[in-house]
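Report on one structure; see the data block that follows.
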Amino acid sequence: MTTNHLHRVAAATIATGIGHNLIGAWLYRRQLAGFVHDGLVDAVANPRLNGAERGRRETALWFLMSGAAFTTLGAGLRHSSAADGAIRPIANGMTAMGAVGALAMPKSGFWLLLAEGVAARRLSRRPAITR
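This is the structure we're talking about:
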C-alpha cells in the first residue's frame with residue numbers, strides 16, 4: 028500500500044469531520060449561542076430549559092462531537108501504517124459506525140463514513156510498498 032492512498036482516505040475523513048462541524052455550526056447556531064450565553068458547564072441539561080430546547084442542545088452537542096470524532100479518526104489513519112496493523116481497528120470501527128448509522132438514517136452522511144471505512148479496510152489488506 029502506498030502512503031499516498033492512505034493519506035487520501037485520511038484527508039477525506041478529516042474533511043468529512045470538518046464539513047460535519049461547519050454544517051452543525053450553521054444548523055445549530057441558536058443552540059451554540061445558548062451555550063455561550065448560559066456558559067458551557069451544564070449548558071445541555073440546564074434545568075431552566077424546556078424539554079424541546081434541551082433536546083435541540085443535546086442534538087447539537089452530539090452532532091458536533093461526531094464531527095470531532097471523524098476528524099480524530101482521520102488523524103489516526105494519517106499517522107498509522109498497514110505494516111504495523113494499526114489501520115485495521117480504525118477501519119473496522121469506521122465501517123461499523125457508517126453501516127449502523129446508514130441503516131438507522133439512510134438519508135444522512137453516514138454513507139461517507141461507510142465508504143471511507145471500506146476504503147481504509149481495503150488499504151489495510153494491501154502489502155506495504157516502500158519507496
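Going left to right, the sequence shown walks through residues 28 to 158 as the numbering used here numbers them.
Glycine is no exception: its CB is placed at the ideal position from the N, C-alpha and C atoms.
Excluding the 5 residues flanking it on each side, Q58 has same chain C-beta neighbours closer than 7 Å at R83, R84, A87, in chain order.
Around the beta carbon of H34, a 10 Å sphere encloses fewer than 16 other beta carbons of the protein chains shown; the residue is thus reported as exposed. Taking each of A102, I41, R105, S93 in turn and checking the Cα distance to M124, the smallest one comes out for S93.
For R152, the uninterrupted alpha helix (DSSP H) run begins and ends at 137–152, by DSSP. Here the segment 89–108 makes contact with the segment 34–52; the two share three or more CB pairs at distances below 8 Å. Non-local C-beta neighbours of F90 in its own chain, meaning closer than 6 Å and more than five positions away in sequence, comprise G51, ordered along the chain. Residues of the same chain with a CB within less than 8 Å of the CB of R81, apart from the 5 flanking positions on each side, are V71, A72, N73 in chain order. Boundaries of the alpha helix (DSSP H) around L59: 56–65. When the Cα atoms are used, M121 and N77 turn out to be separated by approximately 35 Å.
For a cut-off of 8 Å, the C-beta gap from N119 to R148 is around 7 Å, short enough to register as a contact. Separation of the CB atoms of A37 and R105 is rounded to 4 Å, and the pair is thereby assigned contact status at 8 Å.
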